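All residue numbers for the sequence shown refer to the UniProt record's numbering, where the first residue is 1 and numbers rise by one.
From the three backbone atoms N, C-alpha and C, an ideal C-beta is built for every residue, glycine too.
All figures in this text were calculated on a predicted structure; none of them were measured in a lab.
Data first, discussion second: the structure below is written as structure tokens.
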Amino acid sequence: MSELNKDILYLIFEELQDDIKTLYSSLSVNKTWCELIVPILWRNPWKFLTNRSEILLFNVIISHLSDESKNNLMIQDNDLFKILLQKPLFNYISFCRHLNLNSIDLIIYFIERNYSKSNISVIKNEILNLFINENTRFTHLYIPQNFDYQIYLIPGAKRCFSEIVFLSCNTNRVNGNVLIGLAEICQSIKELELTIEPSNNSYEIIKLIDASKKLINVRLKIIDTVVILCTSIYYPILNNLYDIEESFHIILENSLMRHAHTIQYFKIEAPPATKILSTLVNLKRLELSKINHNIKLKFNGLENNISLPSLQILKTDIFQINILRNLIVNTNGSLTKISIDYIFHNKTDNENIIKAINQSCPNLMFLKLVFKIENILELEKLLIKCQYLNGFYFHILNLLDLDKLFEVLTRSSPTSLFKFKFNITSHEQITLVSFKLLINNWKGRHPMLLQIYPCESTDYLFDSEIVKRFDYLQINSEDFEW
């Protein structure tokens with residue numbers, strides 16, 4: 001394999017870019033492999049950063065400093081002398097395409113904690129100048145809260161940030177001048193991820209949004225601060241009680257509406273403060289998540305018959321049945337993937353959801369849903385109607401319901417359906433014997449991919465002609481991946 005063409009090797013390593021163990025173990029095979037793998041690992045060196053690896057990453061970074069800068073740091077802290085003498089084997093920083101300013105802050109904090117004599121401001125300046133200059137170019141930028149360093153004024157910043165296509169920013173107390181300065185440079189942003197605090201958000205983020213020429217993917221993470229009982233401490237948690245800076249949300253959503261015709265992917269973790277969803281006419285993926293069910297929330301534009309004719313993927317935990325049904329019905333049959341997460345509706349609401357899917361989603365390929373035995377007949381109608389169904393993720397509340405569900409699955413599933421996930425919340429003991437009926441009756445069909453949670457063991461041996469692959473269901477895994 002070491003003699004393979006370099007282009008082929010590169011394609012193989014690209015496929016393994018998230019498998020850090022395999023890439024690291026392959027570095028020592030030969031020089032060619034090493035030269036191909038190092039740029040992949042250093043494209044986003046922050047991705048795998050842990051407390052243990054902070055010092056290793058710091059050592060590599062400062063080894064790139066010029067002799068003048070190294071001498072400057074030696075004056076500040078002689079403990080760094082041995083590290084500074086090392087010469088890097090590659091110009092690692094030149095391979096970097098992700099600039100994570102939050103991770104750099106963590107590394108600086110590590111230095112401050114371990115090198116008490118260090119002049120932190122000098123070290124931070126030197127490290128930022130290593131990354132931001134005429135010889136580097138980034139596609140992804142991550143800005144933490146309270147960030148106030150004028151990075152747009154560093155020589156070479158314009159060239160360095162001119163190709164940014166992804167921006168992640170915590171909008172809390174970010175220096176407005178930084179955002180305004182970046183808005184003049186970063187005009188190619190296609191993917192935007194904002195973390196929004198309950199207050200003190202930087203309104204200048206709107207300048208960056210307005211400067212973007214083709215915004216496609218938008219994710220809004222809403223952080224709310226609540227009081228934990230029996231303490232006097234406030235903890236920030238993702239709770240979405242809508243006790244938020246509503247004026248900021250209105251201005252933010254209004255700015256996003258100016259990109260309504262280009263936005264195709266939209267995620268928000270609180271009810272919209274405006275009627276933004278009704279303007280996203282080309283939306284393909286919508287995620288409405290982490291919405292609190294215990295209070296009455298205001299859903300601007302959602303309670304009406306909003307039309308999203310291009311919507312293909314819907315992921316939500318909306319509890320309000322009328323809103324959920326409207327989102328499903330008014331898509332002109334374009335939905336191919338639906339994930340309705342951890343919503344335990346009553347029998348009637350669950351039935352209405354299944355009916356809406358049955359009537360409006362003929363092209364459905366993947367579905368995640370709570371199973372209620374009372375609606376087994378409606379579920380069977382759905383299986384018969386949705387002939388392109390490929391994967392089904394069930395929330396099971398009662399083990400006693402499994403046999404009836406399995407009878408329907410083996411009797412009425414379309415030939416395309418062979419991928420199953422079962423998340424069982426019953427307090428009863430779960431064994432693979434419970435799935436005997438489904439497995440025994442699946443003979444002659446497409447071998448299934450089966451995932452179960454909880455599961456006693458994944459070592460159980462199935463006939464490979466019936467169960468092609470059996471895995472433990474990872475609750476936080478992507479719903480539509482097997």
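With three or more CB-CB distances shorter than 8 Å, the stretch 349-361 counts as touching the stretch 373-383. Annotation for cysteine 34: no beta strand (DSSP E) segment contains it, though the alpha helix (DSSP H) segment containing it runs 31-41. Cysteine 160 is a Cβ neighbour of glutamate 134, given a cutoff of 9 Å. Looking from the CA of asparagine 71, the closest CA among Pro39, Arg43, Pro45 and Ile123 belongs to Ile123. Separation of asparagine 170 and asparagine 254 (C-alpha to C-alpha, rounded to the nearest whole angstrom) is 19 Å.
Nearest to aspartate 19 by C-alpha distance, out of Ile37, Pro414 and Arg173, is Ile37. Under the DSSP assignment, glycine 444 falls outside any alpha helix (DSSP H); it carries neither an H nor an E label. Within the same chain, Cβ atoms closer than 7 Å to the Cβ of serine 188 are found at Glu163, Ile164, Val165 and Lys213, the five residues on either side in sequence being excluded.
Closest in C-alpha terms to threonine 336, from the list Cys361, Asn322, Asn326 and Val329, comes Cys361.
CA-to-CA, the gap between phenylalanine 480 and arginine 113 works out to about 43 Å.
For the 9 Å CB-CB criterion, asparagine 217 and leucine 192 form a contact. Shown here for phenylalanine 406: same chain residues with a beta carbon closer than 8 Å to its own, the five before and five after excluded, namely Phe435, Leu437, Leu438 and Asn441 in chain order.
Taking each of Pro414, Lys381 and Leu397 in turn and checking the Cα distance to glycine 391, the smallest one comes out for Pro414. Separation of tryptophan 482 and isoleucine 143 (C-alpha to C-alpha, rounded to the nearest whole angstrom) is 33 Å. Annotated three-state conformation of arginine 159 is helix, per DSSP. The C-beta distance from threonine 136 to serine 94 rounds to 7 Å, short enough to meet the 8 Å contact threshold.
Listed in chain order, the alpha helix (DSSP H) runs fully inside the stretch 122-167 are 157-161, counting runs of at least 4 residues.
Isoleucine 263 is not a Cβ neighbour of leucine 288, given a cutoff of 9 Å. Short of 6 Å from the beta carbon of leucine 141, and not among the five residues preceding or following it, lie these beta carbons of its own chain, in chain order: Leu99, Ile164 and Leu167. Collapsing the DSSP output to three states places arginine 411 in a helix. At a Cβ-Cβ threshold of 9 Å, isoleucine 424 and isoleucine 384 do not count as neighbours. In this structure, DSSP gives glutamate 193 an extended state, which the three-state scheme calls strand.
Leucine 327 sits away from asparagine 358, with the two beta carbons spaced by 9 Å or more.
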